[in-house]
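Q: Each number in this note's numbering corresponds to the 1-based position in the sequence shown with 9 added.
The beta carbon of each residue, even a glycine, is placed where N, CA and C say it ideally should be.
Before we start, here is the structure in question, set down as structure tokens.
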Amino acid sequence: MARRRQLYEGKAKILFEGPEPGTLVQYFKDDATAFNSQKKGTITGKGVLNNRISEYLMLRLGEIGVPTHFVRRLNMREQLIREVEIIPIAVVVRNLAAGSLSKRLGIPEGTRLPRSIIEYYYKNDALQSPMVAEEHITAFGWAGTQDMDDMVALTLRINDFLTGLFLGVGITLVDFKIEFGRLYENDDMRIVLADELSPDNCRLWDSKTNEKMDKDRFRRDLGKVEEAYQEVARRLGILPEAGMRDLKGPETMQ
Ligand code: TMP
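Now the structure itself:
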């Protein structure tokens with residue numbers, strides 16, 4: 010089999026050249042890192058589950074008109090995506106206090122925030138991805154003011170939609186991180202959702218018990234990491250073990 014050219018290897022994914030111009034293949038690894046790679050490990054089966062979960066969430070977002078880089082899933086660990094120019098900003102949305110916000114501002118984890126809060130981090134491993142303000146982003150040209158307006162509008166829609174989607178399967182969307190890219194088509198440029206949406210970059214708590222169902226189980230050595238990712242997929246109705254394609258809808262909780 011002809012080996013595809015590898016273009017980039019990140020902490021959790023590898024990007025290969027796609028089958029046609031303007032496409033890439035995104036491969037999901039089982040590798041997990043936390044705290045800017047200070048902690049490293051493997052979560053068995055994570056790549057398979059995140060491939061499915063990200064596919065599912067991007068498709069649902071696409072259905073409500075949120076543009077994404079996702080084209081189609083190719084196999085257990087790979088998906089075809091559109092090649093975009095990644096904006097080097099991690100956009101974090103928070104609905105409840107947790108993680109670095111709780112630590113920095115002394116707000117207990119689980120406190121409902123007065124409104125959803127958007128934060129920006131400059132994607133740079135050497136600098137440990139520092140938090141930045143919109144001023145830095147536009148002044149240094151990482152994104153323009155129109156890009157920022159588009160990203161904020163999309164981010165708020167994504168948050169509203171995903172909050173409802175997860176609530177429907179008994180999961181509270183505490184916070185999450187997303188990335189955007191510029192998609193060039195003919196003479197047009199659009200900002201689209203890129204990267205992935207999975208328990209690696211969301212905080213997901215069971216709505217009834219507040220049990221953590223995301224990468225915090227790995228970050229904080231809480232155990233049952235694989236099981237948590239599987240349970241998220243199961244509730245969304247997309248557990249690969251179910252055998253068939255992703256035809257089953259989400260399982261609605263009382
Ligand atoms: P934080 O509380 O550590 O700042 O994380 C906020 C959210 O962003 C949480 O859902 C985890 C996610 N996140 C990433 O996906 N990648 C990262 O590098 C960091 C720091 C957070």
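State buried or exposed for residue 197, treating a residue as buried only when at least 16 other CB atoms are found within 10 Å of its CB.
A: exposed
Q: Which partner residues does residue 212 have in the DSSP bridge list?
A: 184
Q: Would a C-beta distance cut-off of 7 angstroms place residue 146 and residue 98 closer than the cut-off?
A: yes
Q: Compute the Euclidean distance between the alpha carbons of residue 61 and residue 240, then round it to the nearest angstrom.
A: Put simply, the backbone Cα of residue 61 is about 13 angstroms away from that of residue 240.
Q: To the nearest angstrom, how far is it from the Cα of residue 30 to the Cα of residue 216?
A: The C-alpha of residue 216 is placed about 43 angstroms away from the C-alpha of residue 30.
Q: For residue 205, which three-state DSSP category applies?
A: In the three-state scheme derived from DSSP, where H, G and I count as helix and E and B as strand, residue 205 is classed as coil.
Q: For residue 241, does the three-state DSSP call read helix, strand or coil?
A: In the three-state DSSP reduction, residue 241 falls in the helix class (H, G or I).
Q: Quick check on the DSSP output: the beta strand (DSSP E) that includes residue 40 runs from which residue to which?
A: 40 to 43
Q: Please report how far the alpha carbon of residue 170 lies from the alpha carbon of residue 183, in whole angstroms.
A: For residue 170 and residue 183, the distance between alpha carbons rounds to 13 angstroms.
Q: With the cut-off set at 7 angstroms, would you say residue 221 and residue 209 are in Cβ contact?
A: no
Q: Could you give the DSSP three-state label for residue 311: helix, strand or coil?
A: A query on residue 311 cannot be resolved here, the shown segment of the chain reaching from 10 to 263 and no further.
Q: Once DSSP output is grouped into helix, strand and coil, what is the label at residue 61?
A: helix
Q: Starting from residue 327, trace the beta strand (DSSP E) both ways and give me its first and last residue.
A: What is shown of the chain runs 10 to 263, which leaves residue 327 out entirely.
Q: I'd like to confirm the pairing. Which residues does DSSP put opposite residue 77 in its beta bridges?
A: Looking at the DSSP assignment, residue 77 forms a beta bridge with 202.
Q: Does the beta-carbon of residue 262 have 16 or more other beta-carbons within 10 angstroms, so that it is buried, or is it exposed?
A: The predicted position of residue 262 is uncertain, since its pLDDT is 47 and thus under 50; no value can be drawn from it.
Q: Using a threshold of 6 angstroms, is the CB atom of residue 184 nearer than that to any non-hydrogen atom of the ligand TMP?
A: yes
Q: To the nearest angstrom, report how far apart residue 119 and residue 172 are at their CA atoms.
A: 15 angstroms
Q: Considering only DSSP beta bridges, list what residue 144 is partnered with.
A: According to DSSP, residue 144 bridges with nothing at all.
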